[in-house]
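Adding 3 to a residue's 1-based position in the sequence shown gives its number in the working numbering. Heads up, the beta-carbon is just placed ideally off N, CA and C, and yes, glycines get one too. Note that the structure is a prediction, hence the values are computed from the model and not measured. The structure under discussion appears below in the form of structure tokens.
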Amino acid sequence: MYISNTETVPDREIVEVLGIARGNTVEAKNAGRDFTQGLRNVFGGELKAYSELLGKARDVAIERMEEDAAEMGADAVVNVRLETSQITEGGSEVLAYGTAVRLR
């Protein structure tokens with residue numbers, strides 16, 4: 004399946020818009036990581052454990068969006084966007100969404 008953040012697919016024609024495909028996940032911090040990342044927050048530097056956690060969450064959200072689009076019979080998802088929000092203390096949601104389409 005073709006996934007794009009643009010409104011079109013190069014060299015292909017969109018013949019049907021099927022609706023919004025979406026996928027999300029909620030990930031929580033690990034208490035051990037939270038301690039070590041807290042120290043890094045004091046001294047500065049990238050919070051690599053959190054970067055990895057959110058990177059994994061983005062991948063899961065995109066995969067779930069792709070599965071949702073496939074269930075609709077889509078060939079592609081265009082105009083894809085990602086959003087992140089805090090759901091609870093220590094837990095963040097990552098949402099991927101876009102327009103599921105059929106291509107000629």
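| said: Quick check on this structure: which residue in ALA73, VAL97 and GLY76 has the alpha carbon closest to the alpha carbon of ARG84? | reply: Here the question's residue 84 lines up with position 81 in the sequence shown. Of ALA73, VAL97 and GLY76, the residue nearest in Cα terms is VAL97.
| Between which two residues does the beta strand (DSSP E) harbouring VAL63 extend? | Counting from one through the sequence shown, the residue named residue 63 turns up at place 60. Where VAL63 is concerned, there is no enclosing beta strand (DSSP E), although the alpha helix (DSSP H) it sits in stretches over 51–75.
| Three-state class that DSSP yields for GLU92 in the structure shown | Here residue 92 refers to the residue found at position 89 when the sequence shown is read from its first residue. Look at GLU92 here: in three-state DSSP terms it is coil, with no helix or strand label.
| query | Taking LEU106 as the reference, which of ASP14, PRO13 and VAL18 has the closest Cα? | reply | On the sequence shown, residue 106 is found 103 positions in, with the first residue counted as 1. Ranking ASP14, PRO13 and VAL18 by CA distance to the CA of LEU106 puts VAL18 first.
| query | So what does DSSP say about THR28, is it helix, strand or coil? | reply | Locating residue 28 in the sequence shown gives position 25, where the first residue counts as 1. In the three-state reduction of the DSSP assignment, THR28 falls in the strand class.
| task | Take ALA72 and list the residues in its own chain whose beta-carbon comes closer than 7 angstroms to its own, dropping the five residues that flank it on each side. | result | Working through the sequence shown from its first residue, we reach residue 72 at position 69. Result list for ALA72: MET4, ALA24, VAL80 and ALA103, in chain order.
| message | Does GLY76 pass the burial test, meaning 16 or more other C-beta atoms within 10 Å, or should it be called exposed? | response | Along the sequence shown, one-based indexing puts residue 76 at 73. Counting Cβ neighbours within 10 Å, GLY76 comes out exposed, since fewer than 16 surround it.
| field | Status (buried if at least 16 other CB within 10 Å, exposed otherwise) for ASP14 | value | Working through the sequence shown from its first residue, we reach residue 14 at position 11. ASP14 counts as exposed, since fewer than 16 other beta carbons sit within 10 angstroms of its beta carbon.
| Roughly how many whole angstroms lie between the Cα atoms of GLU55 and VAL12? | Position 52 of the sequence shown, counted from the start, is the residue given in the question as residue 55. Position 9 of the sequence shown, counted from the start, is the residue given in the question as residue 12. So the two alpha carbons sit approximately 30 angstroms from each other.
| field | Spatial neighbours of ASN82 in its chain, beta-carbon cut-off 6 angstroms, leaving aside the 5 residues before and after | value | Position 79 of the sequence shown, counted from the start, is the residue given in the question as residue 82. Within the same chain, ASN82 has close Cβ partners GLU10, GLY101 and THR102.
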